[in-house]
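One structure below.
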Amino acid sequence: MHEDGIQRHMRDVLNTEDADVIEGYLTDASNTRGHAERLVLPQSTKEVAAVVAHCQHHAIPLTVTAQRTSTTGGPVPEGGWLLSMEKLNTVHAPDDVDGGVILGAHQAEIQHDGLYFPPDPTSRHECSVGAAIACNASGARSFRYGPTRAWVKAVEWVLPNGEVIWVDRDTPIPSGWPQVGWKEPEVKTAAGFFPADNALDLVIGSEGALGVITRARLNLIEAPVDVLGLIVFFPNEAEAVEFVNQVRRGAARLGQPAAPGALNPTAIEFFDANALQLAASRIPDLPPAARTALFIEIEHDGDPPVDGWWEAIVESGALADDTIVADDEAGRRRLHSVRHAIPAAVNETVVANGMPKVGTDFAVPDEALLTMMNAYQAVELPKVCFGHIGDNHLHLNLLPRDATELATAREAYVQLAREAVRLGGTVSAEHGIGKIKRALLAEMVGCEVVEQFQALKRHLDPNWILGRGTMIAKPD
Ligand SMILES: Cc1cc2nc3c(=O)[nH]c(=O)nc-3n(C[C@H](O)[C@H](O)[C@H](O)COP(=O)(O)OP(=O)(O)OC[C@H]3O[C@@H](n4cnc5c(N)ncnc54)[C@H](O)[C@@H]3O)c2cc1C
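Just so we're aligned, residue 638 is where the sequence shown starts under this note's numbering, counting upward by one.
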């Protein structure tokens, strides 16, 4: 964009220096706090491009912020300007949306017409499509469908110099760009620039450090006719893990159909004894002998495969008669009340303690699941563990009660991250690196790869304006 074009569009961009307004944009779900001098709210791609070009020209740090549900400090500014995506929220077609559109609202809308966009971060009703792509977000259904990456066909990308390009998987990475050529761990992961062979995969997961995703074409599929939900209670953890290993055998995964006769769940979620105990007062149906629960979702074509599951549950050593089956409205209500009771109880404990929780987002290979679970159990602090066990991706939530325990929790977190890496896993399976896991990413990938990331960043963003502090540090 020419200088006069930049100036013309800049004149129209909504913006403010009002500290009281900016105050509402300075933090995210990690409680990281930042500062910024100006907030800009562009209403078109041209305005985004003008802001980015202006900031590059004047070396003004620029942080992209969407709905600030990040748990890693990614949208939190370390000075400079903040670019909010909230006004870029047009749905052009079911598969063609602006980056600021709210993910869950769009999914609900298209599902009325039988269409389905599978990525399901728990925060989907609060977060934006552009950020889900920028962070390569996932959720429970990533067991079947993989992360957001797999469901994006093309994006409109405002480069750090303000140039606007559409990229898809046929768009080569320009030959002059420094290469990112490392090998990701073979687990669910959202850590570091993707070792891409095309421009689309490079920008997906780059957490706002390589540009702004202003619009996206989504890969939609036919929505499942219905979903069968199960909560299966177990008297101990070992039997639950054995059951997970059994039911995920032969299940359909991204790009791989189910084996004949496989039970074929869409999502398998785990809740440990502490999680159930913490939420006990809110769960009227909790069987007294339950020490673990698995929440399982099975998409089907209108004929719920109840018999096959029932047989497997009975044989597994589960508290079979206490299983909650959600194949009608009443069942779904019971399932949701149990499911929501647990995070609600965790949040209440955090408030009562007056201390932040320290939560992990590590994933490990199948064969390392039990070792990692044992490492979680060994932490001698109040804790609950739950999450996406189908992907060996559990969230351990440490719940410190005072400053000493908080320091212990933070130290334990680092040790557990190292253990996950040692076992062939990742320091972030879905929440990304942001500002608070930079050191862990460096430990995971090593300094040569960090230098590759830095070289690419420097090439695209010579004044290092975008997402300063996110993912990689600016070299001195
Ligand atoms: C309760 C809770 C549950 C969560 N559950 C999950 C989960 O199950 N799975 C999961 O993956 N994550 C989860 N998250 C993390 C978070 O919700 C996701 O990463 C989400 O995609 C962030 O969306 P957002 O709109 O809030 O973006 P923000 O938090 O505002 O920004 C996130 C990052 O993306 C960048 N960014 C935002 N928009 C753009 C854009 N258009 N172009 C380029 N960069 C951009 C920002 O600079 C920042 O680095 C959860 C968070 C919370 C609080």
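Glycine residues also receive a C-beta, built at the ideal position from the N, C-alpha and C atoms.
Asked                                                                                                                                                                : Found
Could you pull out every residue in the same chain whose Cβ sits closer than 6 Å to the Cβ of isoleucine 643, ignoring the five residues on either side in sequence? : Ala687, Ala690 and His691
Give the single residue among His1025, Ile1070 and Leu1018 whose Cα lies nearest to the Cα of threonine 1045.                                                        : Leu1018
Please identify the residue among Tyr662, Leu719 and Lys683 whose C-alpha is closest to the C-alpha of arginine 675.                                                 : Leu719
Ignore the nearest five residues each way along the sequence and tell me which others in isoleucine 802's own chain have a CB closer than 7 Å to its CB.             : Trp794 and Leu796
Arginine 919 and proline 989 - do their beta-carbons sit closer together than 8 Å?                                                                                   : Note that residue 989 corresponds to alanine in the displayed sequence, not to proline. No.
For glutamate 859, list the residues DSSP reports as bridge partners.                                                                                                : Leu752
Examine ligand 1 and report whether any of its heavy atoms sits within less than 7 Å of the Cβ of proline 698.                                                       : no
Opposite glutamate 936 in the DSSP bridges: which residues?                                                                                                          : Val864
Where alanine 666 and lysine 1072 are concerned, what is the direct C-alpha to C-alpha distance, given to the nearest angstrom?                                      : 13 Å
Looking at the structure shown, is leucine 1093 part of a helix, part of a strand, or coil, going by DSSP?                                                           : helix
So, is leucine 915 buried or exposed, given that buried needs 16 or more other C-beta atoms within 10 angstroms?                                                     : buried
How many Å lie between tryptophan 788 and serine 765 at the Cα?                                                                                                      : 15 Å
Does the beta-carbon of glycine 1071, which I'm using as the reference point, lie nearer than 7 Å to any heavy atom of ligand 1?                                     : yes
Put aspartate 641 into one of helix, strand or coil per three-state DSSP.                                                                                            : helix
Can you tell me whether DSSP reads threonine 1063 as helix, strand or coil?                                                                                          : strand
To test your reading of the DSSP string, which unbroken alpha helix (DSSP H) runs of 4 or more residues are found completely within the segment 1005–1050?           : 1006–1014
Quick one, are the C-beta atoms of tryptophan 859 and glycine 1104 less than 8 Å apart?                                                                              : Sequence check: residue 859 is glutamate here, not tryptophan. Taking 8 Å as the Cβ cut-off, glutamate 859 and glycine 1104 do not qualify as a contacting pair.
How is valine 1001 classed by DSSP in three states: helix, strand or coil?                                                                                           : coil
Roughly how many angstroms separate the alpha carbons of glutamate 660 and valine 817, rounded to a whole number?                                                    : 36 Å
Of the residues Val685, Gly671, Met638 and Arg670, which one's Cα is nearest the Cα of valine 650?                                                                   : Val685
Would you mind reading off the limits of the beta strand (DSSP E) that contains alanine 730?                                                                         : 728–730
Among the residues of its own chain, which have a CB less than 6 Å from the CB of valine 987, if the five just before and after it don't count?                      : Lys994
Who are the Cβ neighbours of proline 924 in its own chain at under 8 Å, not counting the five residues just before and after it?                                     : Phe870, Leu956 and Asp959
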